[in-house]
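Using the numbering used here, the final residue of the sequence shown is 405, and nothing's skipped along the way.
Step one of this worksheet: look at the structure below.
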Amino acid sequence: MTSRTVTLLDVARAAGVSKSTVSDALQGSGRVAEATRDRVRAVAEELGYRPNSAARRLRRASTGAVGLHLPATATRLDYYMNLAFGAVERAQEDGLDMVLLAPSGAAGGRIASRVDGLLVIDPEPGDSAVPGLLDAGVPVVTGERYLGPATGPSGAVVCDNAASLTALLDHVTERGARRPALLAPSGSSAWATALRATAGSWGRAHGVAVTLRTVPFAATPAEAEAATRALLAADPAVDAVICAPDGSAPGVLRAAAALGRKVGAISASGASSAHEASEARGTSSASEASCGSSRNDRSGGNDGTGRAGEGGRSEGGGPGSPGGTGAAVGPAGAGLLVASCVDGTATRGAEPPVTAVDLHPTAYGRACAELLCDILAGRAAPDTVRRHSWSLETRASTGSPG
């Protein structure tokens, strides 16, 4: 292994200690036992590790600034703008300026020479800039965990995304939905992965088909409208659509209106008619849910992460699903519940207002910046993980008052 390829994480793995311990041992700082310090230095020398020159300069003097890296789609999403404002506000309280990094990123060393630490929000394993940021030689806090193979961050602030989608699915079924669907985000970020996996596990646990349609991570209303039209045309029995991407809910509402679906309530007759069509074929719902799940597991409809198979096959099987045996047809004017995984201006201002998960993005940005400030000031240990809360805002789109 050459000095060019050796990282702190390589040394940490070889020495059997954490990345932060390696950093402290090589810097001569922190509470590291002398024997551990000697072992780490010996391993680093053996591997040919050479500290980043920019990182060495940072250890001698603070730049008074921290960097913020957002996904490339952030500039058109309400969620990330509010998050950024919260991060800037919190960093200023510790006397730190916030530098917004270009989406394409830059070499880690060049960034490290300009900032004391980094915030990397929703790091995507496919983002080529992220590995360099995580190994820039300065403390890094991520908003959500990084699922890629590169060096891990110094700390993270995470939301329980599985719990938030579970709450939405529970809510729409309590309001009468029997065939929920999810417009699931593409990509391999922690958020997108958790939503797809949860749709599958929730469907199997409840014996309820959750139809998955994959849309872009930052799907526009037009993209969400097209996906919803295709979804309801292929499976009219769907009686609830949960859209994941921020700002995409108005597209779902437009699709519902164009297809004559009444948003906000499911009548007793409307909720059951699609299922009666399947039951008339002589197959019970419980039996089909069990058999459908087994078919998906064997045929590749479920890859173990909650992703649907090709063609939008639903997780959990069940009557009326595209992968099941009952070709249910929804009645004209049937009700449709609509909800969103991300609250914002688009959901609050829609007609009707849309039930959504409020991720409290401004507070989330503050929490990420606060953890980075605490690590830089020695108030928090490296590798600290903190949790951020969310809330479910129920509105008229699911038959709840705004």
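Just so it is clear, CB atoms sit at the ideal spot from N, CA and C, and this is done for glycine as well.
In the structure shown, Ala221 falls within a coil segment according to DSSP collapsed to helix, strand and coil. Under the three-state reduction of DSSP output, Glu48 falls in the helix class. Under the DSSP assignment, Ile124 falls in the beta strand (DSSP E) whose first and last residues are Gly120 to Ile124. Under the three-state reduction of DSSP output, Ile245 falls in the strand class. For Arg216 and Leu198, the gap between their C-alpha atoms comes out near 12 Å. In terms of Cβ geometry, Thr401 and Ala342 form a close pair [threshold 7 Å]. If you look at Cys344, you'll find it isn't in any alpha helix (DSSP H); DSSP assigns it neither H nor E.
In the three-state DSSP reduction, Asp100 falls in the strand class (E or B).
One alpha carbon belongs to Ala87, the other to Gly368, and they sit about 6 Å apart. Taken through DSSP and simplified to helix, strand or coil, Gly203 comes out as helix.
Note on geometry: alpha-carbon atoms of Val69 and Arg207 lie some 44 Å from one another.
Distance from the Cα of Val123 is smallest, within the candidate group Gly98, Leu99, Val160 and Glu96, for Val160. Note: Pro183 is bridge-paired with Ala243 in the DSSP secondary-structure output.
Ala243 has its alpha-carbon roughly 14 Å from the corresponding atom of Glu228. For the set Gly263, Leu168 and Leu379, the Cα lying nearest the Cα of Gly98 is the one of Leu379. Counting along the chain, Ser251 sits inside no alpha helix (DSSP H), nor does DSSP assign it H or E at all. Only residues of its own chain outside the window of five on either side were considered, and among them Ala159, Val161 and Ala193 have a CB closer than 7 Å to the CB of Arg148, listed in chain order.
Restricting attention to beta strand (DSSP E) runs no shorter than 3 residues, the region 337 to 395 encloses them at 338 to 343, 358 to 361 and 388 to 391, ordered along the chain. Boundaries of the beta strand (DSSP E) around Leu71: Ala68 to His72. Burial state of Pro404 is exposed, judged by a 10 Å Cβ sphere holding fewer than 16 other Cβ atoms. Judged by their CB atoms, Pro126 and Ala75 are not nearer to each other than the 7 Å cut-off. The C-alpha of Ala260 is placed about 60 Å away from the C-alpha of Ala17. Counting C-beta atoms within 10 angstroms of its own C-beta, Ala258 has 16 or more neighbours from the protein chains shown and is therefore classed as buried. Remark: C-beta atoms of Leu362 and Val144 do not approach each other more closely than 7 Å.
Listed in chain order, the non-local C-beta contacts of Leu256 below 7 Å within the same chain comprise Val266, Val341 and Ala353, local neighbours out to five positions each way being set aside. Membership of Ala77 in any beta strand (DSSP E) is not indicated, and neither H nor E is assigned to it by DSSP.
Between Glu226 and Pro183, the alpha-carbon positions lie close to 19 Å from each other. If you draw a straight line from the Cα of Asp41 to the Cα of Arg382, it is about 26 Å long. Between the C-alpha atoms of Gly120 and Tyr82 there is a straight-line separation of about 23 Å. Beta-carbon to beta-carbon, Val9 and Val43 are separated by about 13 Å, too far to satisfy the 8 Å threshold. Linking Asp173 to Val211 through their CA atoms gives a straight-line distance of about 11 Å.
Taking the Cα of Thr387 as reference, the smallest distance to any Cα among Gly146, Gly203, Ser167 and Asp346 is reached at Gly146. Val46 has its alpha-carbon roughly 11 Å from the corresponding atom of Thr39.
Of all alpha-carbon atoms in Ala200, Gly140, Ala233 and Arg389, the one lying nearest the alpha-carbon of Asp27 is that of Gly140.
Looking at the backbone, the Cα of Gly190 and that of Gly129 are separated by about 8 Å.
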